[in-house]
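The structure under discussion appears below in the form of C-alpha cells.
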Amino acid sequence: MKLWSLCDGQITIMQIQKVLLFLCGVLVTINYGTCCQLSEFMCDTGYCVAMDKFCNGNDDCGDKSDEPPYCSPCNRTYHGEVGRTYELEVRRPREDRLPFLCYLNFTAAGGKYGDIIQLTFDTFTVGRFVSYTLDGCPDGYMSIRESQLPDTGGQWCGSAWGFTVYYSETRSINLTLTLSKLSEQGIGYNFDFKLSYKYLKKSDAHLRYGNSTFQTWRGQMITGSYCDRILDQCDRKLCRVQSPNFPGAYPRNVTCYYRIEQRTAPKSKRALIVVRQPNAHKIHIKDQVINYDRSQRTLRVWDQCNVIQDYLTVYDGSLATDPVLVRLCGGDAVPDIVSSGTNMLLEFHTSAFDNPFHPVPLSYLPGFELDVEILFVDNKSPSYAKNTSQCEFFIKPFNNTNWGLLDSPRHSLPPNTSCKYHFQGSSHQTVWLSFIKYHAASTDPNAYHLSNECNARLRIWDKVVSAKNKKPETVLLGEFCKEQELPRLCDHALLGNDTRHVRPCTAKESYTSSADELTVEIYLKQGSVLFPLQFLLQYEFVDQSAERHQGPGDAGPAACSRSFVAGSGYFGSPKNVFFYGRGGRLNLTCVFRFVPASPDDRVRVTVSRMHAAAAGPGYAACATETDARTDRSRCVYATGRAREGAQARVAVTHYPWPDIELPVGCACSALRGPFTFESYPGATVRVEFTVRNMNVTQDHRDFGFAGEYAFVKASQPERDACRDVRNRRRLRGPGGVIALDGGGKVAEPGVGGGTPSTAAAAAARCAGFPWLLEPATAGSSMLRTGGFVYLKLHGYEILPHRWRTNSFMCPTRNRVIVYTGPGDGPKTARIICPYDIEANYAPGSFEVFSSGWTEPLTGAQQLQPNSKTVAVEFLEREYGSYTVTWMEVSKMPRIMSSTNVYAMPSNVHPDCVYRCPELNACISSDFWCDGVLHCPMGFDEDPINCADRNAMNLTYVSVLGGTAVLLFTVTVLAAVVCLRCKASRSQRDADGRRRAPHKTPAAADPMSVERVHFDKRFLEPNGDGAGDVLGKRYPSSSDDLYLECKDSMC
1 MKLWSLCDGQ ITIMQIQKVL LFLCGVLVTI NYGTCCQLSE FMCDTGYCVA MDKFCNGNDD
61 CGDKSDEPPY CSPCNRTYHG EVGRTYELEV RRPREDRLPF LCYLNFTAAG GKYGDIIQLT
121 FDTFTVGRFV SYTLDGCPDG YMSIRESQLP DTGGQWCGSA WGFTVYYSET RSINLTLTLS
181 KLSEQGIGYN FDFKLSYKYL KKSDAHLRYG NSTFQTWRGQ MITGSYCDRI LDQCDRKLCR
241 VQSPNFPGAY PRNVTCYYRI EQRTAPKSKR ALIVVRQPNA HKIHIKDQVI NYDRSQRTLR
301 VWDQCNVIQD YLTVYDGSLA TDPVLVRLCG GDAVPDIVSS GTNMLLEFHT SAFDNPFHPV
361 PLSYLPGFEL DVEILFVDNK SPSYAKNTSQ CEFFIKPFNN TNWGLLDSPR HSLPPNTSCK
421 YHFQGSSHQT VWLSFIKYHA ASTDPNAYHL SNECNARLRI WDKVVSAKNK KPETVLLGEF
481 CKEQELPRLC DHALLGNDTR HVRPCTAKES YTSSADELTV EIYLKQGSVL FPLQFLLQYE
541 FVDQSAERHQ GPGDAGPAAC SRSFVAGSGY FGSPKNVFFY GRGGRLNLTC VFRFVPASPD
601 DRVRVTVSRM HAAAAGPGYA ACATETDART DRSRCVYATG RAREGAQARV AVTHYPWPDI
661 ELPVGCACSA LRGPFTFESY PGATVRVEFT VRNMNVTQDH RDFGFAGEYA FVKASQPERD
721 ACRDVRNRRR LRGPGGVIAL DGGGKVAEPG VGGGTPSTAA AAAARCAGFP WLLEPATAGS
781 SMLRTGGFVY LKLHGYEILP HRWRTNSFMC PTRNRVIVYT GPGDGPKTAR IICPYDIEAN
841 YAPGSFEVFS SGWTEPLTGA QQLQPNSKTV AVEFLEREYG SYTVTWMEVS KMPRIMSSTN
901 VYAMPSNVHP DCVYRCPELN ACISSDFWCD GVLHCPMGFD EDPINCADRN AMNLTYVSVL
961 GGTAVLLFTV TVLAAVVCLR CKASRSQRDA DGRRRAPHKT PAAADPMSVE RVHFDKRFLE
1021 PNGDGAGDVL GKRYPSSSDD LYLECKDSMC
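Set out below in C-alpha cells:
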C-alpha cells in the first residue's frame, strides 16, 4: 500500500491525515486491537462514532463508511457507556427479503460500560397478535433471551401498548426479530421497530437491588431455572419477591416459583410469612382488559385472572398442591397475605404470546414487587389455624386466667373457609364478650366484578338450656354481613392505656351468654385476602356462683348476698366481674347472713383472708388494727388523698336479740391471723363485705376476702342457761340499776335494783351476754311524749381516737360498752372506763340518751322497733363492781322556755308533772321522791318537792293548815261575840226592867240598829283581813291552785 502519492511534487493535507490515521491504526491494532472505544464504531476515516450510528441512514463518519450499501443494524453486538442513551431502528424489510430474521445483541461489559441493559421500545409493530395460546404470533414476533438462562420461547407481537421498558437480568441479551409475512399495502399492519437502549450500573438500580443502606434480598436463584428462587431467614434481612426483569416488562412463557421459608423461631413461637405491597404503582400483572386507563386499574382475583394469561398465585405451603390463598392479576395495592405456617409458595405465570405492555401512567411499573415479613405468634394462640380446612378453636379458662384478647386469624384464609371460636367456661360461669375493633372489607361486588352476595359473614351463637327438656340449644344472637352491619362495639376501649382508664363496656356494647358457652363464627366465601374480616375482641369467663346471674346491664343491688341456715363450708367475696369497677359498678355491698334454723345452734364464723388494693404507691386507704380498748379488730381509715381512693372492708355483727345488731369486728386489709367469732345460741351473725369508690380497672383481684362458717349445736344446759340470761337481761319499764360484778358474779337487775345471779356453771359461756334497755311499751304513759332511755354510769368515755393504747389513766382493765343507734344498722359502740362503786376519788359520770333525743329520727328510723333502745355490754377482765343506772324518760312538752331548773313556772305541761328540768325530761312517778337521786341535780328528791315518801307537798300542807287555823279563829271569835252579845242583852234587859216605866216602845229600835252595826264591824275587818290573807295564801282559781302545786294532790 502506498503511504502517500505525489501530485505535482506536492503532498496534500488529506493525504497526510490518512497516513497518520493508518499508522495509528496499525499501532493500536498491534497493542490494543482498536483505536475506538468498545461502544464506538471506527469510520474509514479513523473517526470513532457511537455504535448506534451505524446504518442509521445518516452519514455520521463523513465518508459514508457507516452507511455501506445494503447495510443493516441487525446481527451486531451493541455496547454503550453508562449515562448515554442510544437509539436503534430496524427498517421494514422488502417482500423479497422475507422471511426476515434480525439478531441484536446487547452486552454490558462492566465498569463504565454498565452491568444492566435497559431497552425502551419507542415504536413496536411486529407481526400480528391473535392468541395467548399456540401460534399466537403467526406472522412475526420478537423474542428476548438472557445469556446463561434457559430460553423461554416466549414471543411478543402485534403493536405495543404505550411506553415499554425492558431491564435485563444478566449482562448480555439476544433480541431476535422474526417476520414471515407483511400486510398488503395500506391494509392491516406494518412492520415498525424502533428502540433506545442504555447501560446501567447495578449500584444505580435501586428499585431492584435497593441502596447501600437497605439492600434488597431477592432470594437464591435455583440453578437451571429461569426465575425460580428461594428466600429464607427473612426476619434478619430485607426480602422482596420480584417478577423477572423488574421493574420492566416481564418475559413471556415463564412460570416462576418463589418459595419463602422460615426455619427458626423463638421459643414457644410460631413463624408466619407475610407478603404485601402497599404501594399500588409497584404491581401490575396484565389481565384481560384490552384498553387501559387510570379508572380501569384494579386488582383482580380468581376467575378474573385467566389461567392462560398472566397471574400470580399464592399457596399456603411449600407445594403447588397446598391450599390456594389467592390468585391475583391487574394492578393495585396488595393487602397482607399471610401463611398459616412456616412456608409459602408464590407462582408467577405468563402466557407464551402477547404484545409489549406498560401500564398507564408511566409511573406505574409492570410486573410486581412484594415485601416479605416474618410474623411470630404464640405457639398455642388461636391467632392461626394449623389446619385451615378445620378452622375451629376452643377457648377455655386456663391456670386461673379467666379473660383475654382474641384477634382475628393472623394468617390469610382460603375461599369457602369457616372458622369457629367456642368460648367454653365451667358450669358456674358465663361468657362476657366485647368487640373492641371490627372491620369488614368493602363488599362492593362491582369492585371485583363478583356476585352481590355475602363474601364475609360474622355470626354469634348462644347456648341456651331448654326449660322443658333441660337440653342445650343454640340461639343466634346476631348475624353481620355487609360493611354497614356492625356487631355491638366497645371501641372506646381502644383509647385506654397504662395511664388512661376508660369506662367498662355496657350491656349495649357487649354480649353475655345465658349459660357457659358462646360461639363466634366467621365465614369467608372469597377468602380473606381481598375480603378480610378483622376483629379484636376481649372475652371473660364470669363467675356466677351467686344466687342469681349478674350481667353488665343488671341495675340495683348486687346479687352476691347469701343466707345460710345450717351446715358448714366456705364463703367469701364474689369473683363476678360485674360486681366490681371493671364491670361497671362504683360500689359493692354483699351481705352474708347466718341464721340458725334452731334456737339451740351457735354460729362460728372465721375470716381467714382479706386483701384490698392500695390507694396509691406507698399508702393504703385503710388498715386493720387491734383496738386496745376492747381487744377487738377495727378498721382505721387514712386521711387526705388516700381517703379518696377505693376502700374495702369486712364487718362482722351479731343479733343477741332480733333486730338488735351489735358490732363485733372489722377488717379492711391483710390480717395478721384468722379472726373467729362464735355467737350465742340462736343468735344471727351478719358478715358484710363492702367496697367503695372503685375505679374501672379494679375487680376481685384487688378486693376480696375468704372465710369459713359452721353451725354448732349447743348442749342442753347451755341452751337453757343462755335462754334464761337472754330473758332476764332484756329490761323494759320505768328504769332500774344494773350491778356489774367483775369478780365472776353478775347481779341480774329488777326495777330499782338488782339481785345476784345464781346461774349454773353452764351459763359461763353466756356470762358476757349484753343487756337490752327498752323504753315504754304501748301501755306506758311515757308514749304520750315519746319514750327514750336515759343511762348513767360512774366513769368516763374513752374516745375513739385513743384506740391505740390501753393506758387511758383508767383504774381498771374492765370496760363497759354502751350501744346506741337508730336501728337501721349496727348500733354505735361507746367504750366506757367504769369507776368502782367504792371509789370516791374520781368524780364524773357518763350519761347518754337513746337515739332521737338530740336529733330527730327519720320516718324510716321511727318505724324501727329498736330505734330507742340501748344495749350494755360488760367486758370483764379483772375484779371490780360497778353500777349502771337507767330510766325511761320522755321529752318535756314545754310551752315556753325557762332557764331556772328549780322554778315552777306556770307553763309546765300537765302531762309532765314529774320531771328533771336539768335534763328537760319527764320521768316516771315511781322515781319521784323515792329516796334515790335520779335527776343529775337531784330535783326529784328536793325537800321542797317531797313532803314525805308518799310525795306530800309542803305547800299544800301549809295551805290546809292555814285554812284550819283561820276557821278555828273565826269560830272562837264568833263564840266570844255570841257570849258578849248574851251578856249585853242580859244587862240591857235588867236595865230595861229598871227603866221600863220611863221608856217608850220606840226605844228598842236603836238597839236593833246597833246590833246590826256591830255585826258589820265585826265582819268587815275579818272579811277584809281574812280575804286579803286568804287571797294571798290560797289560789283564786283552780288553775292557780295547780300551777303552784307540786304533787298529785293538786
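Numbering (full-length UniProt numbering), first residue to last: 1 to 1050. C-beta: ideal position from N, C-alpha, C; glycine also.
Looking at the strands, I want to know which residues DSSP matches up with residue i.
{"i": "F541", "result": "V431"}
{"i": "G707", "result": "F571 and V607"}
{"i": "V313", "result": "Just to set this straight, residue 313 is Thr in the shown sequence, not Val. Its beta-bridge partners are R327 and E347."}
{"i": "P472", "result": "V465"}
{"i": "G140", "result": "L179"}
{"i": "S159", "result": "T125"}
{"i": "F353", "result": "Q155"}
{"i": "F480", "result": "L458"}
Using a Cβ-Cβ cut-off of 6 Å (strictly less than) and excluding sequence neighbours within five positions of residue i, which residues of its own chain qualify?
{"i": "W403", "result": "E540"}
{"i": "residue 1051", "result": "Absent from the structure is residue 1051, since the part of the chain shown begins at 1 and ends at 1050."}
{"i": "N920", "result": "M892"}
{"i": "A706", "result": "G572, S608 and R609"}
By DSSP, does residue i sit in helix, in strand, or in coil?
{"i": "E261", "result": "strand"}
{"i": "N174", "result": "strand"}
{"i": "R765", "result": "helix"}
{"i": "V976", "result": "helix"}
{"i": "G111", "result": "helix"}
{"i": "L799", "result": "coil"}
{"i": "T690", "result": "strand"}
{"i": "R988", "result": "helix"}
{"i": "A145", "result": "Before going on, a small fix: residue 145 reads as Arg here, not Ala. Note: R145 maps to strand in three-state DSSP."}
{"i": "T216", "result": "coil"}
{"i": "Q390", "result": "helix"}
{"i": "A776", "result": "coil"}
{"i": "V130", "result": "coil"}
{"i": "G938", "result": "coil"}
{"i": "R815", "result": "strand"}
{"i": "A621", "result": "coil"}
From which residue to which residue does the beta strand (DSSP E) around residue i run?
{"i": "P656", "result": "Q647 to W657"}
{"i": "K194", "result": "D192 to L200"}
{"i": "T125", "result": "I116 to V126"}
{"i": "A467", "result": "A467 -> no beta strand (DSSP E), and no H or E assigned at all."}
{"i": "P414", "result": "Here P414 belongs to no beta strand (DSSP E), and DSSP marks it neither H nor E."}
{"i": "R635", "result": "Inspection of the sequence shows that residue 635 is occupied by Cys rather than by Arg. Its beta strand (DSSP E) spans residues R632 to Y637."}
{"i": "L370", "result": "G367 to D378"}
{"i": "A667", "result": "I660 to A667"}
How far does the alpha helix (DSSP H) with residue i in it reach, from first residue to last?
{"i": "P717", "result": "Q716 to R728"}
{"i": "L207", "result": "H206 to Y209"}
{"i": "Q862", "result": "G859 to Q862"}
Using a 10 Å radius around the Cβ and a threshold of 16 neighbouring Cβ atoms, would you call residue i buried or exposed?
{"i": "Q390", "result": "exposed"}
{"i": "F565", "result": "The sequence given here has Val at residue 565, not Phe. Exposed, because fewer than 16 other Cβ atoms sit within 10 Å of the Cβ of V565."}
{"i": "C978", "result": "exposed"}
{"i": "E644", "result": "exposed"}
{"i": "E888", "result": "buried"}
{"i": "A983", "result": "exposed"}
{"i": "G248", "result": "buried"}
{"i": "T213", "result": "exposed"}
{"i": "G331", "result": "buried"}
By Cβ distance, which residues of its chain are closer than 8 Å to residue i, with the 5 residues on each side in sequence left out?
{"i": "Q277", "result": "I283, A333, V334, F368, E369, L370 and D371"}
{"i": "C666", "result": "T624, S633, R634, C635, R649, V650, A651 and V652"}
{"i": "D601", "result": "A566, P681, G682, F711, V712, K713 and A714"}
{"i": "T626", "result": "R632, S633 and R634"}
{"i": "Y70", "result": "none"}
For residue i, which residues from the same chain have a beta carbon less than 7 Å from its beta carbon, with the 5 sequence-adjacent residues on both sides left out?
{"i": "residue 1135", "result": "In this structure the chain extends from 1 to 1050, so residue 1135 is not present and cannot be described."}
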